[in-house]
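Below is one structure; the comments refer to it alone.
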Amino acid sequence: MPAAVSASTSPPSVDPTAALDSALRTAIAAVTGLPVGESDPHIRPSGNPQFGDFQANFAMALAKKLGANPRQLATDVLARAELTGIADKAEIAGPGFVNIHLASSALAAALDAFDSPALGITPTTATYAVTVDLCGVNVAKQMHVGHLRATIIGDTIARVHERLGRKVWRENHLGDWGLPIAMTLAALRRAGTNLDSLTLDDLNRAYRAAQMEGRDDAAGMIAAQATRVGPHRIAELEAQNTGAALAQEDARATLVRLQSGDAQLVTEWQKIIDCTMKEVFESAAVLGVQLTDEHSRGESFFRERLGPAVEAFAKSGLGVEDDGAIVVRYPDRERPMLIRKRDGGFLYATTDLAACKFRVQDLKSDRVVYVVDARQRDHFKDVFDAIRMIGWNKLPDGTEAELIHVPFGSVLGADKKPLKTRSGENFTLKALLDEAIERGIREVRARASDPNAPTAGMSDADLAAIGSAVGIAAVKYADLGSDVTRDYVFDLDRMVSFEGDTGPYLQYAHARMASILGKALDAAAHAPPRPTISVAEPAERQLALTLLRYPQIVREVAQHLDPSRLCAYLHGLATSYNGFYQQCPVLKCEDQALRASRLRLCAISKHVMKDGLGLLGITAPERM
RNA sequence: GCAUGCGUAGCUCAGCUGGAUAGAGCAUCGGUCUUCGAAACCGAAUGUCGUUGGUUCGAAUCCAACCGCGUGCGCCA
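Under my numbering, the very last position in the first sequence is 705; numbers go up by exactly one each time.
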């Protein structure tokens, strides 16, 4: 029997979980005498539909604590719980699980309230901003598939925070200041290269050549052996330990002149940056990532702040001299952090200290998120601890900013080794995106050639746009879909696959939603704008429950900085919708009220899917 | 050596603050298109959750040890 509720009488509750939590919490407190705050009913969606919609798992743990019988405790709590209008049925199973079957009317009412532009997401009232360090390209270096991660994970985290109403600063911390750039610049000058017609490929070649010829670090080798650094570093140093004094001298001289503001060099340096960023922004645009010039704040931006930063550490006693250098020591570990070299030069840790301070205190952020390669775990631990020790994580009102490193795993080759730049023929980001787009377009065109296809007869430009969106969706979903911490083996075929648990699967579900709504347009003209929702069929129930979880998922993604949860949710939504689509006729439904209700379920589903894909920076075509 | 991360189906991976019979996708086998889009759906098969011990009413999940793989470790960024 379909339960229905009209929009006018529905309570404002969007979240049945909250209603259940509150009702059971009160009952638990009443039965046990515990404070309400300690009476968590532990509500979660049921793993198995036969157990109802939600389960409450409080009884076992609580009974143990109180020396009571769990089933009896559950019985007592249910007797006190005011579940009228929320649950149809609540029964005790097994050792003391409480299985709750939500009232269809409550579900319909919640969905009706949920159906708004906000989709149940209430903006936070945070005073401070969120800074997201993302992308992190190095000037003069071609972007490779590793940069994909730092860019799109960061973009998603930024979007989710914005969706929750936060002010977000996207900070692209370019590697644009330091010896590598000077080496490249010096090499280009020696070769007499015209910087105005430079391509990034040329630049990248010059960079690598300069790296190779300029490496000779005998002093570093001795230091490394004395302090027993890792074998990786030793091997690197050994490889570098060939005569290159001239190139190195040239690079150092260039760096000194650059850093002292030599006008000619600064102009040339800027050309290298422009050349690099042109491609970065192009890739960002192709990826649908919000990253432009205004988000660039590279290492060079902080150059005037490095000296003062070191001085502050020295003055506070946290920065101490060691063999001529200045280091920060930690109470709980041997490894210090070097912040000034013996020759007076600064290091990237110094820049990160200055940048972190800037982000907290100048950008007024109470949350600073660094989306950076997992191999820099120790580095960020050092930086963050140093920042806390000196108190730069504090905002004027005493609020302590969260400093969080989101350590993403490496992209590995088929040999399970990192796809490294120096391994020669590395897969550039551009090559990956070109391939994905090409495959997407090919696929969309092939389908459009069927005269019965919804895309038949579309212009070639439109088909190309859709194909591009499909290809990019595949790549992004493949990357964002699993735990960002893990390394993954780069497999192009899997990455641009369009079937199964993929980005295009979600887009396809969305296109079907759009299609069904498009066909119903004529009828919609004289239907009420907000038809009564009814949730009776199991598939409708399943879909409704899934839809209502959306706000919680978005909050979780922000809290845990984990885009894969959103991917998993949207996959679940697509699956729920497909089940509904299979089992519940919409356009063909005879009952006009039910038809209108189901159309509205389609509309809400489409809205959530589009919103969720938007948070991933994935476009949702109406047809594909 | 010290630190740190990871071992779940043939492959790629989920598994949220411990909860009922450990789930998806790919691949394999079978079924569903003159019927709202088959990029879909339904079904079959597939597991000593690295090993051992501990905590617990209950462990893939928490703790310890061990095994295996990876990553990081002062004057590069």
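The beta carbon of each residue, even a glycine, is placed where N, CA and C say it ideally should be.
Since the structure is predicted, the reported quantities are computational estimates derived from the model, not experimental observations.
Could you check where the beta strand (DSSP E) with residue i kicks off and where it finishes?
{"i": "A701", "result": "Looking at the DSSP string, A701 is not in any beta strand (DSSP E), and its letter there is neither H nor E."}
{"i": "T212", "result": "210-214"}
{"i": "R384", "result": "Element bounds for R384: not the beta strand (DSSP E) but the alpha helix (DSSP H), 384-397."}
{"i": "H486", "result": "483-489"}
{"i": "K170", "result": "168-174"}
{"i": "E621", "result": "Careful: E621 lies outside any beta strand (DSSP E), inside the alpha helix (DSSP H) at 619-629."}
{"i": "L183", "result": "178-183"}
{"i": "V409", "result": "406-411"}
Less than 8 Å between the CB atoms is what I'm expecting for residue i and residue j, so what's the real figure, rounded?
{"i": "E380", "j": "D257", "result": "6 Å"}
{"i": "R528", "j": "T536", "result": "6 Å"}
{"i": "F514", "j": "V556", "result": "Position check: residue 514 holds Leu in this sequence, whereas Phe was assumed. Their Cβ separation, rounded to whole angstroms, is 7 Å, which keeps L514 and V556 in contact under 8 Å."}
{"i": "L680", "j": "A601", "result": "5 Å"}
{"i": "G177", "j": "P151", "result": "3 Å"}
{"i": "A441", "j": "N474", "result": "According to the sequence shown, residue 441 is Val rather than Ala. That belief holds up - the Cβ atoms of V441 and N474 are roughly 6 Å apart, short of 8 Å."}
{"i": "I238", "j": "L642", "result": "6 Å"}
{"i": "A191", "j": "L629", "result": "6 Å"}
{"i": "M594", "j": "K498", "result": "Not quite, the Cβ-Cβ distance comes to about 43 Å (not below 8 Å), so this is no contact."}
{"i": "A332", "j": "A263", "result": "5 Å"}
{"i": "A620", "j": "Q664", "result": "4 Å"}
Starting from residue i, follow the alpha helix (DSSP H) in both directions and report where the run begins and ends.
{"i": "W350", "result": "344-368"}
{"i": "L694", "result": "673-696"}
{"i": "N659", "result": "644-664"}
{"i": "D134", "result": "Here D134 belongs to no alpha helix (DSSP H), and DSSP marks it neither H nor E."}
{"i": "F571", "result": "Element bounds for F571: n/a, residue is neither H nor E."}
{"i": "L544", "result": "541-561"}
{"i": "E519", "result": "510-529"}
{"i": "A595", "result": "584-600"}
{"i": "D403", "result": "No alpha helix (DSSP H) holds D403; the beta strand (DSSP E) holding it covers 400-403."}
{"i": "P151", "result": "151-161"}
Considering only the alpha carbon of each residue, which of the options lies closest to residue i?
{"i": "L229", "options": "A366, A328, F132, R289", "result": "A366"}
{"i": "L215", "options": "A542, T205, I202, I233", "result": "I233"}
{"i": "Q329", "options": "Q457, G273, V361, L266", "result": "L266"}
{"i": "A455", "options": "F461, G490, D443", "result": "G490"}
{"i": "G246", "options": "L260, P612, A207, L626", "result": "A207"}
{"i": "A144", "options": "A639, Q153, Q136", "result": "Q153"}
{"i": "K445", "options": "A210, A239, E119", "result": "A210"}
{"i": "A187", "options": "V179, K170, A199, A174", "result": "K170"}
{"i": "R240", "options": "A701, P97, G693, P702", "result": "G693"}
{"i": "G201", "options": "T656, L668, P632, N659", "result": "P632"}
{"i": "Q351", "options": "H242, E402, L276", "result": "L276"}
{"i": "E483", "options": "F461, L493, T274, F382", "result": "F461"}
{"i": "A684", "options": "Q640, L647, A592", "result": "A592"}
{"i": "R636", "options": "A534, P204, T274", "result": "P204"}
{"i": "G175", "options": "T156, G342, P619", "result": "T156"}
{"i": "P122", "options": "A104, V616, Q131, D134", "result": "A104"}
{"i": "N706", "options": "R378, F362, G698", "result": "No answer is possible for residue 706: it lies beyond the span of the chain, which begins at 82 and ends at 705."}
{"i": "I597", "options": "L682, L624, C356", "result": "L682"}
{"i": "P702", "options": "V667, K359, S549", "result": "S549"}
{"i": "S615", "options": "A184, A108, D574, A160", "result": "A184"}
{"i": "V112", "options": "P130, L336, A620, R161", "result": "R161"}
{"i": "A554", "options": "A517, R567, D541", "result": "A517"}
Should residue i be listed as close to the ligand HEM, given that the test is whether its C-beta is under 7 Å from any heavy atom?
{"i": "E330", "result": "In the structure shown, the ligand HEM is absent, as is every other ligand, since no ligand is present at all."}
Ignoring anything shorter than 3 residues or poking outside the region 229-261, list the beta strand (DSSP E) runs there in chain order.
-> Counting only unbroken stretches of 3 or more residues, the beta strand (DSSP E) elements lying wholly within the region 229-261 are 249-252, in sequence order.
What alpha helix (DSSP H) runs, 4 residues minimum, are completely inside the region 419-462?
-> Fully enclosed alpha helix (DSSP H) runs of 4 or longer: 429-438.
Touch check for the region 213-227 and the region 278-294: three-plus C-beta pairs under 8 Å?
-> Note that the region 213-227 touches the region 278-294; at least 3 beta-carbon pairs, one per stretch, sit closer than 8 Å.
Quick one: which unbroken beta strand (DSSP E) runs of 3-plus residues sit fully inside the region 99-148? Chain order, please.
-> Runs of beta strand (DSSP E) with 3 or more residues, each lying fully within the region 99-148, are found at 124-126, 135-137, listed in chain order.
Below 8 Å, can you find three or more Cβ-Cβ pairs linking the region 682-697 to the region 580-600?
-> With a cut-off of 8 Å, the region 580-600 and the region 682-697 count as touching, because enough Cβ pairs lie within range.
Between the region 661-679 and the region 556-565, do at least 3 Cβ pairs fall closer than 8 Å?
-> The region 661-679 vs the region 556-565: no contact.
Inspect the CB distances between the region 189-197 and the region 408-422 and report whether three or more fall short of 8 Å.
-> Touching, no, given that fewer than three Cβ pairs across the two stretches are closer than 8 Å.
Say whether the region 387-407 touches the region 433-440, bearing in mind that this needs 3 or more beta-carbon pairs closer than 8 Å, one atom from each stretch.
-> Between the region 387-407 and the region 433-440, the count of Cβ pairs shorter than 8 Å is three or higher; the stretches touch.
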